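Below: one structure, written as structure tokens.
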Amino acid sequence: MRRSLTVLALLLAVSARAAEPIASAPLLDKAGNPAGTRTLAIGDAAPDFALPGIDGRTYKLADFAGPDVLMVLFTSNHCPTSHGIEQRLAQLRADLKGRSFGLLAINPNHPEGLSIDELGYGEYTDSFADMTPYAKSLGWDFPYLYDGDQQLIARAYGCLATPHVFIFDKARRLRYAGRFDDSRFRDEATVKSPDARNAIFALLDGKPVPVELTKPHGCSTKWREKHATNVKAETAWTKIPVKIDSIDAAGVAALRANPTKKVRLVNVWATWCAPCVEEFPSLVSLSRQFDRRDFELVSISLDVAKDEPKAQTFLQKQGAGLTKASQASVTKEGRKTNHYLFTGANQDALVAALDPDWPGPLPHTVLIGPGGKILWRHNGIIDHTAARAAIVAALGDHYTP
Numbered sequence: 157m158r159r160s161l162t163v164l165a166l167l168l169a170v171s172a173r174a175a176e177p178i179a180s181a182p183l184l185d186k187a188g189n190p191a192g193t194r195t196l197a198i199g200d201a202a203p204d205f206a207l208p209g210i211d212g213r214t215y216k217l218a219d220f221a222g223p224d225v226l227m228v229l230f231t232s233n234h235c236p237t238s239h240g241i242e243q244r245l246a247q248l249r250a251d252l253k254g255r256s257f258g259l260l261a262i263n264p265n266h267p268e269g270l271s272i273d274e275l276g277y278g279e280y281t282d283s284f285a286d287m288t289p290y291a292k293s294l295g296w297d298f299p300y301l302y303d304g305d306q307q308l309i310a311r312a313y314g315c316l317a318t319p320h321v322f323i324f325d326k327a328r329r330l331r332y333a334g335r336f337d338d339s340r341f342r343d344e345a346t347v348k349s350p351d352a353r354n355a356i357f358a359l360l361d362g363k364p365v366p367v368e369l370t371k372p373h374g375c376s377t378k379w380r381e382k383h384a385t386n387v388k389a390e391t392a393w394t395k396i397p398v399k400i401d402s403i404d405a406a407g408v409a410a411l412r413a414n415p416t417k418k419v420r421l422v423n424v425w426a427t428w429c430a431p432c433v434e435e436f437p438s439l440v441s442l443s444r445q446f447d448r449r450d451f452e453l454v455s456i457s458l459d460v461a462k463d464e465p466k467a468q469t470f471l472q473k474q475g476a477g478l479t480k481a482s483q484a485s486v487t488k489e490g491r492k493t494n495h496y497l498f499t500g501a502n503q504d505a506l507v508a509a510l511d512p513d514w515p516g517p518l519p520h521t522v523l524i525g526p527g528g529k530i531l532w533r534h535n536g537i538i539d540h541t542a543a544r545a546a547i548v549a550a551l552g553d554h555y556t557p
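The numbers in the sequence shown follow the working numbering, run straight up by one, and end at 557.
Encoded structure:
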């Protein structure tokens, strides 16, 4: 049976729940979606909406009444699969120039529905504020709307992931739903079934849609109900024990050589260095953000040996312990930890081993690629945004074969 869901109906159903604190919201079902989640069926009417766009306007479905075919693309700033289709989406729009086709994108994610280590494939969170620079970086000139606060529209359409595509005919009845295409990679050569493209051109040409339903693949919708779980994970992270090992110039040179496939962010610091103490939370945040990638934070303290307990206590309070995956990677290399206390008396030896261009003052940070190449360096307190951009540039923002 066809259905026609409206925002008003959804508000009556879920407004009480949406007004509750996130931590008290209902639990998700086994699939990770709110209980009762149902994706639109072929033939269903497009649910109406009233959502803010990054251009300051509030958009409704009626604002897109003109085109014969309308694609509603649920996407997000953070997701590597969404990043993978960016160029193909641009090409699709170019190929449809002059045709009666409309496109709007909706970010369905609640920012607090993401754990920090789910943000490891980009520079942006899924907040409304970050949608503007993300869209600008891609040259998007179509509406990009935000549904993250209450997620009523994501529920109405049954958005299961980003990207998730819904294509409607002139009467705004659903004619295709599912994936953009069958590849999670950016390389167009990996696409074997361009399902959304096929559906759009079929509708514009008055032909049957060849495949009406496919399964979306990508990053699960980040429902607000996931926040409590993420808070627990963050709390557990801060309790991981921190280990410190001693290191000399030869050991630092070995770290710099980096025979692994990982990207290393090496920071030299000390507990007596006020700028070091000030910037360390940012370093820990970067470590957590990219924990699922081939990345690691390595800290080298210049505290004297007798102050090792002081350095260890500081690192513990910062929540700088290694996750199981990080510890396993370190152990595989024959090392005990990623946190060190430099034992040499001569800092010149450390400078020569790590970065000859280091001017001397603390803190000093270098980003080292596989094989030992320094990809980025900074003396003084790092700019978090610049450091993150350098890491993303080194690791990439999308999946690769």
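Note that beta-carbon positions come from the ideal geometry of N, C-alpha and C, so glycine has one too.
Being a predicted model, the structure only gives us computed values, none of them experimental.
| Check | Outcome |
| --- | --- |
| Taking the straight line between their C-alpha atoms, what separation do you get for residue 399 and residue 457? | 13 Å |
| Is the beta carbon of residue 226 less than 8 Å from the beta carbon of residue 220? | yes |
| Sort out for me which residues DSSP pairs residue 574 with in a bridge. | Residue 574 is absent from the model: the chain starts at 157 and stops at 557. |
| Excluding the 5 residues preceding and the 5 following residue 224 in the sequence, name in chain order all residues of the same chain whose CB lies nearer than 6 Å to its CB. | 256, 326 |
| Going by the CB atoms, is the gap between residue 269 and residue 378 shorter than 8 Å? | yes |
| Roughly how far, in whole angstroms, is the beta-carbon of residue 363 from the beta-carbon of residue 334, given that I think they are within contact range, below 8 Å? | Incorrect: roughly 18 Å between the Cβ atoms, too far for contact. |
| Could you tell me which of 524, 481, 207 sits nearest to residue 310, measuring between CA atoms? | 207 |
| Which of helix, strand or coil does DSSP assign to residue 214? | strand |
| Grab the span of the beta strand (DSSP E) containing residue 441 for me, first residue to last. | Not the beta strand (DSSP E): residue 441 falls in the alpha helix (DSSP H), residues 430 to 445. |
| CA-CA distance, residue 436 and residue 520? | 12 Å |
| From this set, 339, 266, 517, 275, which residue's C-alpha is nearest residue 424's C-alpha? | 517 |
| Which one of 554, 404, 483, 351 has the shortest CA to CA distance from residue 501? | 404 |
| Mind pulling the beta strand (DSSP E) runs of 3 or more residues that sit fully within the region 240 to 303? | 257 to 263, 300 to 302 |
| Do you know whose CA, among 515, 352, 535, 550, lies nearest residue 526's CA? | 550 |
| Taking the continuous alpha helix (DSSP H) assigned at residue 425, which residues delimit it? | Careful: residue 425 lies outside any alpha helix (DSSP H), inside the beta strand (DSSP E) at 419 to 425. |
| Could you name the residues of the same chain whose beta carbon sits closer than 8 Å to that of residue 492, not counting the 5 residues immediately before and after it, in chain order? | 399, 401, 486 |
| Report the CB separation of residue 482 from residue 513 in whole angstroms; it is logged as a contact under 8 Å. | Residue 482 to residue 513, Cβ: 28 Å. No contact. |
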